[in-house]
Structures are given as C-alpha cells and as structure tokens.
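Numbering (my numbering), first residue to last: 1 to 124. Backbone N, C-alpha and C fix where the C-beta goes; we use that ideal spot for every residue, glycine too. In this text the structure is predicted, and so the values were computed from the model without any measurement. Each remark here refers to the structure printed beneath this line.
Dropping the structure here:
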C-alpha cells in the first residue's frame, strides 16, 4: 500500500507566510509601592538560586514578577528546597507574579529543569 505525502503548493505556502501571528494584549496594571528594580538571574539544574533583581532582595518589596524568556526550558519556583521535579512550574515564555507582605521578607528561589536559563526579575 503506497502512502502519498501531500505538500502545500506555492500559493498555500505564501498564505502561511503572510498571516501575522496574533499575540494576546498584555493589560496588566502594576501598583508601585517602592522604587522598582529589574534584573536577570541565571538558574541552572544543579542548585536553587535566590530570585532578586540586585545583590540583595529589595527591602519592603510587595511584588515579585518573574518571566521565563526561554523557548524550550521550564523553571521551578519555590523555597530553597525546590528540585527539578518539585516546586511551581514556570513554563517557557511564562510569567508569574508573587504578591508579598512588605513587613515579612520571603526569599523565592528558582531552578532550571534542564538547560541554563536567564530569568527576568522585577521587584517593587
């Protein structure tokens, strides 16, 4: 029994190329209580790394926004005991917002599930 492989013709290929990719609108409002800081934190699979924009976590922070710009590697988010299999799973291209009490400093850690990833971190 022969199996035919159907390939698109030139017109069909051009239609695929001409269609723009629709990105959802980003309508997030961010309340800023203290002067914000932004930075990147590189995480690997070997060990958990504290997620902070600068050398230390922003004093009095109420919000921590973490974006995973990787297109193929997920990251685990949580306490210092997270592993590549335990913790909140931040998918590739995903963003998570963690609301915090400014009176209680809480360290948040990240760990890659595979390749090295440079996470984008925003603190306010």
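Taking 8 Å as the threshold, find out whether the region 86 to 99 comes into contact with the region 58 to 69 through three or more Cβ pairs. yes
First and last residue of the uninterrupted beta strand (DSSP E) at residue 127: The chain is shown only over 1 to 124; residue 127 falls outside these bounds and no answer can be derived.
C-alpha distance - residue 112 paired with residue 14, whole-angstrom precision: The residue labelled residue 112 in the question sits at position 112 within the chain shown. The residue labelled residue 14 in the question sits at position 14 within the chain shown. Going from the Cα of residue 112 to the Cα of residue 14 covers about 38 Å.
According to DSSP, is residue 3 part of a helix, a strand, or is it coil? Start at 1 with the first residue of the chain shown, and residue 3 comes out as number 3. Coil, per DSSP.
Looking only at C-alpha atoms, which of 4, 124, 50 sits nearest to residue 76? For the purposes of this step, residue 76 is taken as the residue at position 76 of the chain shown. Out of 4, 124, 50, 50 has the C-alpha closest to the C-alpha of residue 76.
Rounded C-beta distance between residue 121 and residue 52? I'm assuming under 8 Å. Position 121 of the chain shown holds residue 121. Position 52 of the chain shown holds residue 52. With 8 Å as the limit, residue 121 and residue 52 qualify as a contact, their Cβ atoms being about 7 Å apart.
Hey, would you say residue 40 sits closer than 8 Å to residue 119, going by beta carbons? Numbered from 1 along the chain shown, position 40 holds the residue referred to as residue 40. Numbered from 1 along the chain shown, position 119 holds the residue referred to as residue 119. The answer is yes: Cβ separation under 8 Å.
Using the Cα positions of residue 5 and residue 12, report the straight-line distance between them to the nearest angstrom. As a first step, residue 5 must be located in the chain shown, where it is residue number 5. As a first step, residue 12 must be located in the chain shown, where it is residue number 12. The straight-line gap from Cα to Cα measures roughly 16 Å.
So, helix, strand or coil for residue 11, using DSSP? The residue given as residue 11 occupies position 11 in the chain shown. Helix, per DSSP.
Alpha carbon to alpha carbon, how far is residue 36 from residue 74? By one-based count along the chain shown, residue 36 stands at place 36. By one-based count along the chain shown, residue 74 stands at place 74. If you take the alpha carbons of residue 36 and residue 74, they lie about 26 Å apart.
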